[in-house]
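Q: One structure coming up, written as structure tokens, with questions to follow.
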Amino acid sequence: MAGPIHHVLGIETSCDETSAAVVRDGRTVLSNVVSSQTDLHARFRGVVPEIAARAHVERVVPVVEEALDRARLRYADLDAVAVTSGPGLVGSLVVGVMAAKSLAMCLDRPLAAVDHIEAHAVSGILALSPQDSPPWPAIALVVSGGHTSLYLVRSPLEIKLLGQTLDDAAGEAFDKVAAILELGYPGGPLIDRLAQEGDSAAINFPRMRVESPVDFSFSGLKTAVLYKVYGSGSKYGTVSHLSHSEKADVAASFQAAVVEPLVERTLLAARSNHVDAVLVGGGVAANRALRAALQTACAAAGLRLILTPTEFCTDNAAMVAYMGYERLLAGLRDGLDIEVRSGLRRPEPLSGGRSTT
Ligand code: KG4
Ligand code: ZN
83 MAGPIHHVLG
93 IETSCDETSA
103 AVVRDGRTVL
113 SNVVSSQTDL
123 HARFRGVVPE
133 IAARAHVERV
143 VPVVEEALDR
153 ARLRYADLDA
163 VAVTSGPGLV
173 GSLVVGVMAA
183 KSLAMCLDRP
193 LAAVDHIEAH
203 AVSGILALSP
213 QDSPPWPAIA
223 LVVSGGHTSL
233 YLVRSPLEIK
243 LLGQTLDDAA
253 GEAFDKVAAI
263 LELGYPGGPL
273 IDRLAQEGDS
283 AAINFPRMRV
293 ESPVDFSFSG
303 LKTAVLYKVY
313 GSGSKYGTVS
323 HLSHSEKADV
333 AASFQAAVVE
343 PLVERTLLAA
353 RSNHVDAVLV
363 GGGVAANRAL
373 RAALQTACAA
383 AGLRLILTPT
393 EFCTDNAAMV
403 AYMGYERLLA
413 GLRDGLDIEV
423 RSGLRRPEPL
433 SGGRSTT
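When we follow our numbering, the leftmost residue of the sequence shown carries the number 83, and every step to the right adds one.
Listed below in structure tokens is the structure:
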């Protein structure tokens, strides 16, 4: 059935969140249901792919129906279906993609395959009202559990990778440091909370040294935290020798060492690409210190900052529905033969965007 596209159902199952959302005209989120599997994976301190895929199978249909209920719509009111097809865990992605294909086929509606990282990159749009002007071209910083990347977004359909982390993602560093401090999993929100009580200048953790101004590295920082807590050469033990306020100082100082280069390099990318707007998305974009530092820096530089609303920072289907809407609006359609993809598309650095020195 070909008709105008208003109500898009988004489905997201790339990792350990089963999510479905209904978004009207790209920006108005009518519902966004997220069923988190954190409790299933916590004792493994990371996501176990087999457990994640099974949980998606059990949850995907109830989550879609809950999204429709909350939006007060029926299946027949949907104009299109959008789904994350990668990157992510293949077994998890397949569940969402099969659900989306089945719905698109039964309802006779168009289908849009969405890139998860690109959806994070443009998720700031969900902070705007329908009347707000679009921010393109913009620099988008994606900081999540699996990715830390800078993009030049000329439009939602023209997204170029400028640079990315050479080792750990920012979220991964948060999770590992939280494990070192025995705070729990996922670590980002726990470090965020503990850091509020600490002194960010208490420990001068080394800042990353990466020659290319658009790339990142966080594995050295993680090792520096490990040595600081246990002393060099020691193994993971217990952190019972640290007081609560000492742990808070480690959390705040570590967080500052992540936030500083993220902000500096994002602003540098905005300047060197002559754009007026910055978008920030992904789980770590929920971090309060990062949000505050970006606000200060962008205000000083006269840049329009669009922070993804906190509820749409971690994995969610609303950003997928938005991205799908843009693709469909541009006339792009995906067939029932869409395939899932575990890895990133081949990086395409802009000429001059990446230093070769
Ligand atoms: O985007 P996301 O939900 O999943 C991926 O696509 O990877 O990001 C999850 C990551 C986790 O590493 C989590 O610890 C981190 O985002 N995170 C945070 C905060 N909330 C979530 N990191 C720092 N501060 C937060 N408030
Ligand atoms: Zn994500």
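Beta carbons: idealized from backbone N, C-alpha and C, even for Gly. Quick caveat: nothing in here was measured; it's all calculated off a predicted structure.
Report yes if the C-beta of Ser101 is less than 8 Å from at least one heavy atom of the ligand ZN; otherwise report no.
A: no
Q: Do you know offhand how far Ser205's Cα is from Cys395's?
A: 8 Å
Q: Looking at the strands, I want to know which residues DSSP matches up with Thr247.
A: Phe298
Q: When you compare each of Ile207, Gly253, Glu200 and Leu265 to Glu240 by their alpha carbons, which one comes out closest?
A: Glu200
Q: Just to confirm my understanding: we take Glu342, look at its own chain, exclude 5 residues before and 5 after, and list those with CB closer than 7 Å. What are they?
A: So the qualifying residues of the chain are Arg289.
Q: Considering just the uninterrupted stretch of the beta strand (DSSP E) at Ser117, what are its terminal residues?
A: Thr110 to Ser118
Q: Which partner residues of Lys242 appear in the DSSP bridge assignment?
A: Partner(s): Leu234.
Q: Within the continuous alpha helix (DSSP H) that includes Arg141, where are the two ends?
A: Pro131 to Ala153
Q: For chain C, is any of its Cβ atoms less than 9 Å away from the one on Gln246?
A: In the structure shown, chain C cannot be found, because there is only a single protein chain.
Q: Taking 8 Å as the cut-off, does the CB of Ser96 come closer than this to any heavy atom belonging to the ligand KG4?
A: yes
Q: Flag this pair as yes or no: are the beta carbons of Val115 and Arg152 separated by less than 9 Å?
A: yes
Q: Classify Met187: buried if its beta carbon has 16 or more other beta carbons within 10 angstroms, exposed otherwise.
A: exposed
Q: Who are the Cβ neighbours of Thr438 in its own chain at under 7 Å, not counting the five residues just before and after it?
A: Note on Thr438: pLDDT 29, under 50, position unreliable in the model; the coordinate value appears next. So the list is empty, once near-sequence residues are dropped.
Q: Given Gly269, which residues of its chain have a CB within under 6 Å of its CB, disregarding the five upstream and five downstream residues?
A: For Gly269, where only same-chain residues beyond five positions count, the Cβ hits under 6 Å are Phe256, Asp257 and Ala260.
Q: Would you check if the segment 358–367 and the segment 385–395 touch, i.e. whether three or more CB-CB distances between them fall below 8 Å?
A: yes
Q: Sorry if obvious, but does the Cβ on Ser226 come closer than 8 Å to a heavy atom of the ligand ZN?
A: yes
Q: Mind checking whether Ala137 and Leu122 have CB atoms under 9 Å apart?
A: Yes; because the gap between Cβ atoms is below 9 Å, this pair is in contact.
Q: Touching or not, the segment 405–414 and the segment 303–313, by the rule of three or more beta carbon pairs under 8 Å?
A: no
Q: For Ala182, name the three-state secondary structure that DSSP assigns.
A: In the three-state reduction of the DSSP assignment, Ala182 falls in the helix class.
Q: Hey, out of Ile87, Ser113 and Val129, whose CA is closest to Ser96's CA?
A: Of the candidates Ile87, Ser113 and Val129, the one whose C-alpha sits nearest the C-alpha of Ser96 is Val129.
Q: In chain order, what residues of the same chain have a beta carbon less than 7 Å from the beta carbon of Arg373, not counting five sequence neighbours either side?
A: Leu389
Q: Could you spell out where the alpha helix (DSSP H) holding Glu254 opens and where it closes?
A: Ala252 to Ile262
Q: Can you list, in chain order, the residues of its chain with a C-beta nearer than 6 Å to that of Ala368? Leave out the 5 residues immediately preceding and following it.
A: Thr392 and Cys395
Q: Nearest to Glu346 by alpha carbon, out of Val177, Asp98, Asp419 and Val292?
A: Val292
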